[in-house]
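Worksheet: the structure to be examined is printed underneath.
2 protein chains.
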Amino acid sequence: MSSRTYADDLFPLEVIEQGEEQLSAGSSSPSGTPNSVDAANSRIHVGWMTTPFDVEENLDRQVAPYCTNLGESKYNFVSFPVGGVVRAFCKPTALSEHHPPVIDLPDVQLANSLWETYINGKVSEWIDCDSEDLAFATLSEENLLKELNYVCYLGLQTMTIELKRVNSPRTAAILNKWIWTRNSRFTVWVQLPTCLEKCMGFNGQTNEKSLDLWTIWADFRKLCGNFSGMYLQVALSLSANLPNEFTEPKLVERWKAESIGAFIVESDLFITGKFGETVLPSAHLSLLQSLWSSDSLRLVLRAVNDVFKYNKAVKFEWSQALRHAVRDVLFKIQKCSGESSTDSAHYLNVIEYKDVLQAPLQPLSENLDSGVYNTFEQDQTKYVVYGEAVEGALKDLGADGRKSVVVYLLGGGRGPIGTKILRAEKIYNSTFRKGRDPLKVKLYIVEKNPNAIVTLKYMNVRTWKRRVTIVESDMRSLPRIARDRGLEQPDIIVSELLGSFGDNELSPECLDGVTDFLKPTTISIPQKYTSYVVPIMSTHLHQTIKAQSIPFLSRAIPSHGRAEPELDEDGMWIQKYPQGHVVNNMDQIYVVYLSKYIPLFSSTKPVFTFEHPNFTNSSNERSATVEFDIDRKADLMGFGGYFDLQLYKNVMLSIEPSTHTPGMVSWFPAVIPLRDQLRVGENDKIRLKIDRKVDAGGVWYEWHVEQLKPSGDVINTPLQNPNGQSYYMRM
Amino acid sequence: MSSRTYADDLFPLEVIEQGEEQLSAGSSSPSGTPNSVDAANSRIHVGWMTTPFDVEENLDRQVAPYCTNLGESKYNFVSFPVGGVVRAFCKPTALSEHHPPVIDLPDVQLANSLWETYINGKVSEWIDCDSEDLAFATLSEENLLKELNYVCYLGLQTMTIELKRVNSPRTAAILNKWIWTRNSRFTVWVQLPTCLEKCMGFNGQTNEKSLDLWTIWADFRKLCGNFSGMYLQVALSLSANLPNEFTEPKLVERWKAESIGAFIVESDLFITGKFGETVLPSAHLSLLQSLWSSDSLRLVLRAVNDVFKYNKAVKFEWSQALRHAVRDVLFKIQKCSGESSTDSAHYLNVIEYKDVLQAPLQPLSENLDSGVYNTFEQDQTKYVVYGEAVEGALKDLGADGRKSVVVYLLGGGRGPIGTKILRAEKIYNSTFRKGRDPLKVKLYIVEKNPNAIVTLKYMNVRTWKRRVTIVESDMRSLPRIARDRGLEQPDIIVSELLGSFGDNELSPECLDGVTDFLKPTTISIPQKYTSYVVPIMSTHLHQTIKAQSIPFLSRAIPSHGRAEPELDEDGMWIQKYPQGHVVNNMDQIYVVYLSKYIPLFSSTKPVFTFEHPNFTNSSNERSATVEFDIDRKADLMGFGGYFDLQLYKNVMLSIEPSTHTPGMVSWFPAVIPLRDQLRVGENDKIRLKIDRKVDAGGVWYEWHVEQLKPSGDVINTPLQNPNGQSYYMRM
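Given below as structure tokens:
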């Protein structure tokens, strides 16, 4: 609804009336100037749902003036029966014997672009494919198909279908086939009441105690193959009495992990506020505000009587009251993101990465490019802390009055930590040696990327006054090279080889490669790192990971798995995926700036820990079982992965949520997905079983989940990434 | 090179100098106002190629000022050695014994965005992977890989590599693997001389008589798997003496079917024009202008001596002369498209469809939507001619003084031809009956699309004064329905069931379905239609068809072949392609507004003809062999498909190029692709063998090509679309 067309004739978007400003001034909103109120209002799209109270003669042929009229009351779109009101509002009882009225909403009364932009097509209310009356169910199926066809014919971009029952397998089967096999894409809003009593098939029996509306939706979405939340969304229809699951935060929160398209609000929910204004009750307000995550959401007003016919003002008041309900949330979002942003975050424009899947870097097997180095180097926070760690080590070593310290920077990239090391020397000397007997740092930078070597040499001349010895080598060859060239042994080794899940860029293997060259007293910065996981729920992320596909021109780009591209008989390169593309997608670790998700446990738990130097050459294979108690019904999508890093003594870096280093943006969380979403229940235990395996060529994780039901039943999900077939970190 | 960045500091884009205007006024260009000259100049991007004449001390560390300097002479980018000038310009003879200088062009001297925008990375001139000196070839391979890696490291968007030899299999093998298997995309310009003598390995022997530069390029491109022309392009380096293949239009034309990235012009080509200005010789001008198809092409100046060092003006003159050379072409393109555009073309915005693949409509098995009808209805030309045909038939029938004529519009859509039929009645009566004994048209509209029926009913009330009888039915059921309802037999049947290749929307099958209901005298409009083909060359189209891939959310959208989507064990729908995606892509007919292509024969030839009414019920299966004589070496991509349509007597519609109905835009050409491009030679004959096959469920084409060499050898391409596996027109 963004681009202005000649539709503006139908829905005039004039400047908001004067009363507006006063209303908002009277409310408790932290809103700003009148202009920002207008701007916020215009970002919030409110629609009108046509009901039998709207019906006037010939309405199905008067859609244009009807829309114009609604536009004057500030409704941005209409949810209108796609077959016309005559057909939509006939009584179902009469239908099993008779044919329903035919679809009769002529297309040519509106330009095609107006249908697209201003009309949400509502499926006729009497249609009920899951009716116990089988003849009526069949009649409903036929007519649902006709209406879906007509939605396509009109070129509508969104439609609404009511979910009437606890179980709707026939409705789901029709929609499932439709959305997957039709070449016309539109968004389906599945209208779900927020009150179980409104669902047919619910009888309040004991065995339905655990039934909730989230489950009804989640089951329906699953029956539709978990189709993309871009095209299959829930429209929550708010009831007067909200059940527990729509008031208790930990249950409400689950909807943040689902795709919501709209909120439908009935007109009798409104009450009169302190200043005489039309407002929603506080429970509804708080529900709306907690789930209002973006201005791409929609609000829909459904009148429950015909008062609006005689009182045009009330129509306007409703639409504005809906805007007011969520407008402040929007302000809050903007304010929050403004407050928490750092210079680094600003530079990296992290917002653009929200929920975007990234493959973890494999800097060991693939050389980073200049742009990637440049991006990382913007994160000053990280380098400042590295500098502090080096200062700490210099202070401890220098306490014996020594004149020099040999420092090796292992994997120096373009050298930003090299600069910090030399600065640490300066700080140490000015603080502890006061100009006498200065401590000299002899700095070696080891780097395997021949391209970065060009930069290091340039930096050495230009910035470091040729003080640095640059060694072009994989650090694992350093012991041999040092022997050959007679290089000094290090007092300190510094490296930054960590990934979002700690060891996943093979820091343990790289650092073990230099052990033979160390003194017994050599300090490693970092000294120790630990990975952490938390179970997460996110339908969006599940769908996004599953839906990745490979364009033709990328067909030979190496997978992240063990197999490599091959030359086929036609002389073209190709990467094969014997495990199938979907399994390949699901069996990888991703890096994601998580947004549309919720954690399903209050805190993370540790997984793997590594310490350096590893003088005992203990194995880098690991096996961990991490158990979580589940406190609500939910769909487990997988696990968020994090790490913390002890650089030196108490100098730490962390992306673990409870200890996250403020302002540091170098690492987004890792995600360890399950192949399918796993339905978990209150009082279930889940155990992530994850192995870190190593062979001559590389390292990989294998994982699966054990679900322990209160009944004692145990469910095991399939082992993912066996033998590193889909995700293999090459050495 | 489009977005303005802070790079403007380096390359100032000031207003073009005054001298500019006078120069263009003095030339023979049809250019317009000074402002339009400036605008045209700024659209044409000219680069400078760094040569040994540029080399100054420390140039590899002075890229920023060097670029600024070039910007002042109006060069938009630089083709600079990616390893630096020291490395690039060393002598190859010295290299086989010694190591070449290392890459030493530090990245941090320019912001990353400037490398991307302003630098084309040139591979070192001495690199020759196909050298007869095998040690040197191996050294070259290693160093080419290093330079490709460095192109990625710097984040360059384009690079240039010289094709030095008639055969370059080792160079091709390296590039082929690189472009297919690397995750970093940049455009490779393959620099090709326009003079065979400049290619090593050419010795002018008799057996090389047929060798030309186009073949050298086409072979190289094929060895690179015909990778996308977005990323693998030829850069033609113009020589002083242009051989025949760069002056004879039919040979030059072949480059229009290839992906050209740039033209490289050496400074000694310039001559002094009539008015003392710097210009290119006419042969070069004419070559450039005939191939200058878009302002995304680039021009690159290569100085052959150091005169520019002492005479800064000459540097500017060269860049402006290159702009002048092609600037007028641009004006011509704009003018042409302006002249040929019609209101319909304007409405449909046909330019946007250039070279875009469309699947032919299957209106019989899939109902069209309102937007598609609306688009077609914009093409007034087509409906006007249909009206003329109906007028002609009414005149002939009405000559006996009859009072009524029964007309059936078969497949009426939303009824635009219905309106033309009623208007034809009015015109006939006012012309031939002068108000006395008016002829009455009894109009029936038969339409199977239930959604369009809603529109037809609305139109009948609103526009046609309820004069039309609307029959909701597939026309093939009309004989039965007419019998049941006692409908009158038609005097005229009118239909518009044609596709871009004539019968490919199953007009023959549909119209045969009503034959039982006709009178012996019934007139069919159309009476007859014929399809045509012409062999075409287009690497771009071949690549585009091959490269289509299916996103995950479209995995269950029905193929155009015989198989239909299935429900898999997980409850998700999926369309399977046992023949493989590439074969599926190649074995279909497409509809394409052809742009980057050339026909390989001077005229089309007919394929299949159908006449109506088909009272003898003769079969609609067909088998045709269409032969063409090839007059030049080329790559045959497939065939352009067209049709013409005899509506009534001499009232025709046509998209066959030589008889194309002016201003009609309803149909773009069809394309019948081959699986692989077929190299054809002068004096070859090629035969398209194409069958139209019919079974109970639908219709399909099968085709292949027979190539007859002058030697008598015959090559057969594989049979495409056997049994309709990839393209099946459902009935």
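From first to last, the protein sequence lines stand for chains A and B. For the first sequence, the residue numbers in full-length UniProt numbering are 1 to 731. For the second sequence, the residue numbers in full-length UniProt numbering are 1 to 731. Backbone N, C-alpha and C fix where the C-beta goes; we use that ideal spot for every residue, glycine too.
Whether residue i touches residue j by CB criterion (8 Å)
i	j	result
I161 of chain B	V108 of chain B	no
S531 of chain B	V607 of chain B	yes
R302 of chain B	V46 of chain B	no
G412 of chain B	L456 of chain B	yes
L192 of chain A	I216 of chain A	yes
K256 of chain A	K596 of chain A	yes
F643 of chain B	I589 of chain B	no
F648 of chain A	G392 of chain A	The displayed chain sequence assigns Tyr, not Phe, to residue 648 of chain A. Cβ distance < 8 Å, so Y648 of chain A and G392 of chain A count as in contact.
F610 of chain A	P718 of chain A	no
L236 of chain A	I260 of chain A	yes
V300 of chain A	S79 of chain A	yes
S422 of chain A	V441 of chain A	The identity of residue 422 of chain A in the sequence shown is Leu, whereas the question assumes Ser. Taking 8 Å as the Cβ cut-off, L422 of chain A and V441 of chain A qualify as a contacting pair.
L223 of chain A	N176 of chain A	yes
L594 of chain B	G640 of chain B	yes
S290 of chain B	V326 of chain B	no
Spatially closest choice to residue i from the options, by CA coordinates
i	options	result
L364 of chain A	A:Y118, A:R476 and A:S296	A:R476
N721 of chain A	A:I686, A:I672 and A:A696	A:I672
D128 of chain B	B:I44, B:K164, B:S210 and B:L636	B:K164
R632 of chain A	A:K519, A:P662 and A:R679	A:R679
V405 of chain A	A:V234, A:G415 and A:V390	A:V390
I119 of chain A	A:E682, A:C510, A:V63 and A:F89	A:V63
S168 of chain A	A:C195, A:R221 and A:I179	A:R221
M49 of chain B	B:S140, B:M159 and B:E141	B:M159
K528 of chain B	B:H540, B:A482, B:P613 and B:N504	B:P613
P669 of chain B	B:A359, B:I421 and B:V102	B:A359
D295 of chain B	B:D328, B:K315 and B:L280	B:D328
residue 774 of chain A	A:G681, A:Y353, A:L498 and A:M729	Because chain A is modelled from 1 through 731, residue 774 of chain A falls outside the range shown and cannot be assessed.
E564 of chain B	B:S524, B:W178 and B:S726	B:S726
G712 of chain B	B:I690, B:R692 and B:K685	B:K685
I525 of chain B	B:L394, B:R467, B:K250 and B:G641	B:L394
G499 of chain B	B:S619, B:I453, B:D568 and B:F376	B:F376
Per DSSP, the bridge partner or partners of residue i
i	result
L409 of chain A	A:I445 and A:V494
Y648 of chain B	B:V651
E621 of chain A	Partner(s): none; E621 of chain A has no beta bridge.
Q720 of chain A	A:W703
V314 of chain B	Looking at the DSSP assignment, V314 of chain B forms no beta bridge with any residue, so it has no partner.
L299 of chain B	B:V46 and B:F263
Original post:
Any residues in the region 449 to 478 of chain A with a beta carbon nearer than 9 Å to a beta carbon of chain B? Which ones, in chain order?
Top reply: N449, P450, N451, A452, I453, V454, T455, K457, Y458, M459 and R462
Original post:
For the region 518 to 544 of chain B, which residues have a CB atom closer than 7 Å to at least one CB atom of chain A, in sequence order?
Top reply: none
Original post:
Counting Cβ pairs closer than 8 Å, one from the region 422 to 435 of chain B and one from the region 375 to 384 of chain B, do we hit at least three?
Top reply: no
Original post:
For the region 145 to 173 of chain A, which residues have a beta carbon sitting closer than 8 Å to at least one beta carbon of chain B?
Top reply: K146, N149, Y150, C152, Y153, L154 and G155
Original post:
Quick check: the region 109 to 117 of chain B against the region 370 to 382 of chain A, are there 3 or more CB pairs under 8 Å?
Top reply: yes
Original post:
Using a Cβ cut-off of 7 Å, which residues of the region 560 to 574 of chain B contact any Cβ in chain A, in chain order?
Top reply: P565, G571, M572 and W573
Original post:
At a cut of 8 Å, does the region 570 to 577 of chain B reach the region 703 to 713 of chain B through at least three beta carbon pairs?
Top reply: no
Original post:
Listed from N- to C-terminal order along the chain, which residues in the region 181 to 194 of chain B have their beta-carbon within a distance smaller than 9 Å of any beta-carbon of chain A?
Top reply: T181, R182, N183, S184 and R185
Original post:
Using a Cβ cut-off of 7 Å, which residues of the region 370 to 390 of chain B contact any Cβ in chain A, in chain order?
Top reply: S370, G371 and N374
Subject >> Near-chain B residues of the region 107 to 130 of chain A (beta-carbon distance less than 7 Å), N- to C-terminal order >> reply: D107, V108 and N112
Subject >> Selection of the region 209 to 220 of chain A by Cβ proximity to chain B, strictly under 7 Å >> reply: none
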